[in-house]
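> Numbering (the numbering used here), first residue to last: 358 to 548.
Think of the CB as a built atom: it goes at the ideal place given N, C-alpha and C, for glycine as much as any other residue.
Just passing along the structure, written as structure tokens.
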């Protein structure tokens, strides 16, 4: 699956939303990627996971680590395609991301962080930090969609099936707010 195929999946399932949205980062945008609407279809999730895995296989990860909630399904599918372990980091009571539920990483682990969408990179960076704080090595970061158009850098190799330059605005500078268009918060994380 290539960029146009993946983007078509988002459009066909109604996961590429257009309007006025408040993102998990607090920024506003005229576009939103509701990955759950694509990933609810196991065959589509598997196909996306296989495509990402094909691009990052040479990074030789032995663990896929994803941030909960958005990265869980795609992280699992990438790990399945790579034949490696899939774990996730989550927030406990609104705190920083951490490993829970008995998950652990060792210094011998080579971690690939997998997310559904890169926007500002905040969740991905937090997940990279979880792996490093556990003493593991990080080989890269991957996502289905990079909304930044390739401008985000994590200090490790990164890959996204789809690269789009979807504008984001600080709320006080948002032209959609200035036009009086109501803002919607469709994401999984409160801001």
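#1: Within the same chain, show all residues whose beta-carbon is closer than 6 Å to that of residue 493, passing over the 5 residues directly before and after it, in chain order.
#2: Do you know whose CA, among 419, 396, 479, lies nearest residue 511's CA?
#3: Using a Cβ-Cβ cut-off of 6 Å (strictly less than) and excluding sequence neighbours within five positions of residue 460, which residues of its own chain qualify?
#4: How big is the Cα-Cα spacing for residue 423 and residue 429?
#5: Could you please give me the residues that DSSP links to residue 444 through a beta bridge?
#6: Roughly how many angstroms lie between the CA atoms of residue 471 and residue 379, to the nearest whole one?
#7: For residue 472, list the residues DSSP reports as bridge partners.
#8: Are residue 405 and residue 363 closer than 8 Å when you measure CB to CB?
#9: Taking the alpha-carbon of residue 387 as reference, which of 504, 519, 508 has the nearest alpha-carbon?
#10: For the beta strand (DSSP E) containing residue 520, name the first residue and the last one.
#11: Taking the CB atoms as reference points, tell me whether residue 427 and residue 474 lie closer together than 8 Å.
#12: With 16 as the cutoff for other CB atoms within 10 Å, does residue 499 come out buried or exposed?
#13: For residue 374, which residues from the same chain have a beta carbon less than 8 Å from its beta carbon, with the 5 sequence-adjacent residues on both sides left out?
#14: Give me, in chain order, the residues of the same chain whose beta-carbon lies closer than 7 Å to that of residue 454; leave out the 5 immediate sequence neighbours on both sides.
#15: Residue 413 to residue 516, Cα distance in whole Å?
So, to answer that:
#1: Indexing the chain shown from 1 puts residue 493 at position 136. So the list reads 462, 466, 468, once near-sequence residues are dropped.
#2: Locating residue 511 in the chain shown gives position 154, counting from the first residue. For the residues 419, 396, 479, the minimum Cα distance to residue 511 belongs to 479.
#3: By 1-based counting over the chain shown, the position of residue 460 is 103. Excluding residues within five positions, the ones whose Cβ falls inside 6 Å are 444.
#4: The sequence position of residue 423 within the chain shown is 66, counting from 1. The sequence position of residue 429 within the chain shown is 72, counting from 1. Whole-angstrom Cα-Cα distance: 6 Å.
#5: Against the chain shown, residue 444 aligns to sequence position 87. According to DSSP, which records beta bridges pairwise, residue 444 is partnered with 422.
#6: Within the chain shown, the letter at position 114 stands for residue 471. Within the chain shown, the letter at position 22 stands for residue 379. For residue 471 and residue 379, the distance between alpha carbons rounds to 23 Å.
#7: Counting from one through the chain shown, the residue named residue 472 turns up at place 115. Paired residue(s): 500.
#8: Stepping through the chain shown from its first residue, residue 405 is reached at position 48. Stepping through the chain shown from its first residue, residue 363 is reached at position 6. Yes, Cβ-Cβ distance for residue 405 and residue 363 is below 8 Å.
#9: Position 30 of the chain shown, counting from 1, holds the residue named residue 387. It is 504 whose Cα lies nearest to the Cα of residue 387.
#10: As a first step, residue 520 is located in the chain shown; it is residue number 163 there, counting from the start. It spans 515 to 520 - the beta strand (DSSP E) in which residue 520 sits, taken as one unbroken run.
#11: In the chain shown, the residue the question calls residue 427 occupies position 70. In the chain shown, the residue the question calls residue 474 occupies position 117. Yes. Within cutoff.
#12: By 1-based counting over the chain shown, the position of residue 499 is 142. Buried, by the Cβ-count rule.
#13: Working through the chain shown from its first residue, we reach residue 374 at position 17. Excluding positions up to five away in sequence, the list reads 388, 389, 390, 391, 543.
#14: The residue labelled residue 454 in the question sits at position 97 within the chain shown. Result list for residue 454: 424, 446, 447, 448, 483, 484, 487, in chain order.
#15: Taking the first residue of the chain shown as position 1, residue 413 is located at position 56. Taking the first residue of the chain shown as position 1, residue 516 is located at position 159. Roughly 8 Å separates the two Cα atoms.
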